[in-house]
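Shown next, in structure tokens, is the structure this report addresses.
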Amino acid sequence: EAGVTQFPSHSVIEKGQTVTLRCDPISGHDNLYWYRRVMGKEIKFLLHFVKESKQDESGMPNNRFLAERTGGTYSTLKVQPAELEDSGVYFCASSLAGQELFFGSGTQLSVL
Amino acid sequence: KNEVEQSPQNLTAQEGEFITINCSYSVGISALHWLQQHPGGGIVSLFMLSSGKKKHGRLIATINIQEKHSSLHITASHPRDSAVYICAVRGTNFGNEKLTFGTGTRLTIIP
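Top to bottom, those sequences are chains A and B. Residues in the first sequence are numbered consecutively from 8, following our numbering. Residues in the second sequence are numbered consecutively from 676, following our numbering.
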């Protein structure tokens, strides 16, 4: 069975451009999380979906970030317009309720 | 001060040594995760525990809920164990299972 899939694995964009990251969770996992690690810092929570609903988006840094999970399957995280401080590794994870978390390989985002 | 503190931040040891990585947290939790990230790689969940001790191969994880402390041990360490080990805790609010992460421990095992 496929694990959590993220793409692209790397993205290099210029400040002001738009980038969309995608996460395909493990099939059947209602819970989907987005996390981010910026250089030298610990991984920080961004938001949590249960199926298509946003359960908790308290970690979203500002309104330049928009996450969606239409149909409760894959999720996208769009950054528009991107700023330099958005650079980092964006991780997606999925789980069944209360169960083990499975992570994707992450998307390395570099904003120049 | 972070809610999750790990020590040491960096650890270098010789192959075969017994390794201990510590994690202390300051909030109520429903579970604690130990995660592993190899250079350039994704994150792999090693353990999820809420009490006692778990063992998988050469890896052992323990947790003391009263003391809010967990340890990850590696026996007979090997160069392939070189990675960043991350402690993360899950909150107690039902239905909100987001994790709070420590900064990680970078482990290097020298042949």
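Virtual Cβ for every residue (Gly too), placed ideally from N, Cα, C.
Cutoff 7 Å; reference residue i; Cβ partners in own chain excluding five residues on either side
i        : result
A:Tyr97  : Leu28, Trp41, Arg43, Leu84, Gly113, Thr114 and Leu116
B:Glu690 : Ser752, His753, Pro754, Ile784, Ile785 and Pro786
A:Pro15  : Thr114
B:Ser699 : Glu680, Lys743 and His744
B:Gln704 : As written in the sequence, residue 704 of chain B is Ile, which differs from the Gln given in the question. Cβ within range, chain order: Val764, Arg765, Gly766 and Thr767.
B:Pro683 : Thr780
Coil, strand or helix - residue i by DSSP
i        : result
A:Gly35  : coil
A:Arg71  : coil
A:Glu92  : helix
A:Thr77  : helix
B:Arg733 : coil
Closest by C-alpha distance to residue i, when choosing among the options
i        : options                                   : result
A:Pro32  : A:Thr12, A:Lys58, A:His55 and A:Leu91     : A:Thr12
A:Gly95  : A:Ser101, A:Leu103 and A:Val86            : A:Val86
B:Leu734 : B:Ser701, B:Ile740 and B:Thr695           : B:Thr695
B:Leu707 : B:Met723, B:Asn697, B:Thr778 and B:Glu692 : B:Met723
B:His731 : B:Ile740, B:Thr687, B:Ser720 and B:Ser725 : B:Ser720
A:Gly35  : A:Lys48, A:Ala9, A:Glu49 and A:Thr25      : A:Ala9
A:Ile20  : A:Asp93, A:Gly66, A:Val45 and A:Cys30     : A:Asp93
A:Leu91  : A:Met46, A:Gln106 and A:Leu53             : A:Met46
B:Gly727 : B:Leu747, B:Ser701 and B:Ile761           : B:Leu747
B:Asn677 : A:Cys30, A:Met67, A:Lys48 and A:Val26     : A:Lys48
A:Ala104 : A:Asn38, A:Val26 and A:Cys30              : A:Asn38
B:Gln741 : B:Ile761, B:Ile749, B:Gly716 and B:Ser725 : B:Ser725
Cross-chain neighbours of residue i in chain B, by beta carbon under 8 Å
i       : result
A:Asn38 : Glu772
A:Gly79 : None at all; the shortest Cβ gap to chain B is about 16 Å.
Contacts around residue i, its chain only, beta-carbon distance under 8 Å, and the 5 residues preceding and following it disregarded
i        : result
A:Leu108 : Tyr40, Ala100, Ser101 and Ser102
B:Ala688 : Ile694, Ser752, Leu782, Thr783, Ile784 and Ile785
A:Phe110 : Val11, Phe98, Cys99 and Ala100
Own chain residues within Cβ distance below 6 Å of residue i, not counting five before or after
i        : result
A:His17  : Gln115
B:Leu774 : Ala763 and Arg765
A:Gly23  : Pro88
Chain A contact residues for residue i, given Cβ-Cβ distances below 7 Å
i        : result
B:His708 : Leu108
B:Ile718 : Phe98 and Phe110
Beta-carbon neighbours of residue i, restricted to chain A and to distances below 8 Å
i        : result
B:Thr778 : Lys48 and Glu49
B:Asn677 : Glu49
Below-7 Å beta-carbon distance, residue i vs any chain C residue
i       : result
A:Phe56 : Absent from the structure is chain C; the protein chains it does hold are A and B.
7 Å Cβ cut-off: residues of chain B touching residue i
i        : result
A:Asp72  : Reading the sequence as shown, one finds Phe at residue 72 of chain A and not Asp. Simply none; closest approach about 16 Å.
A:Gly113 : Gly717
A:Gly23  : The premise fails here: A:Gly23 is roughly 28 Å from chain B at the closest Cβ pair, so nothing lies under 7 Å.
Proximal chain B residues relative to residue i, where beta-carbon distance stays under 9 Å
i       : result
A:Phe52 : Lys773, Leu774, Thr775 and Phe776
A:Gly95 : Within chain B, no residue comes near A:Gly95; the closest Cβ sits about 13 Å away, beyond 9 Å.
Are the stretch 777-784 of chain B and the stretch 749-762 of chain B in contact at 8 Å, needing three or more beta carbon pairs? Because the criterion of three Cβ pairs below 8 Å is met, the stretch 777-784 of chain B and the stretch 749-762 of chain B touch.
May I ask you to verify whether the stretch 75-95 of chain A touches the stretch 50-64 of chain A, counting CB pairs closer than 8 Å and requiring at least 3? Contact holds between the stretch 75-95 of chain A and the stretch 50-64 of chain A, because three or more Cβ pairs, one in each stretch, are under 8 Å apart.
Pair every Cβ in the stretch 60-71 of chain A with every Cβ in the stretch 699-713 of chain B, then say whether three or more of these pairs are closer than 8 Å. With fewer than three CB-CB distances shorter than 8 Å, the stretch 60-71 of chain A does not count as touching the stretch 699-713 of chain B.
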